[in-house]
Amino acid sequence: MKQYKVVKKSIPVEAYQTKKPLDIKTLEGTMHADAGDWIITGVEGEQWPVKKEIFEKTYRIISEKQ
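Using my numbering, the first residue of the sequence shown is number 1405, and each one after it goes up by one.
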């Protein structure tokens, strides 16, 4: 699974695009991610899912994590 560095509001965070549905424990509770959604990991390790369409409008991939 490829992971990417992405930018939102000039704060680099890590993200990957899930290939299967899954549930993510977030600060707001458990959220569901569908295949194709992006899972973002924030600067303090918190995670949240972002729908593919929203990701494409609000994030920009700046590099692929090695």
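Yeah, the Cβ is synthetic: ideal placement off N, Cα and C, and Gly gets one too.
- With distances taken between CA atoms, Y1463 lies nearest to D1441 out of E1432, D1441 and D1427.
- Taking the C-beta atoms as reference points, T1430 is found no nearer than 8 Å to Q1407.
- Pairing V1447 with V1417 gives a Cβ-Cβ distance under 8 Å.
- With a cutoff of 8 Å on beta-carbon distance, L1426 and A1437 are scored as near each other.
- For A1439 and T1445, the gap between their C-alpha atoms comes out near 17 Å.
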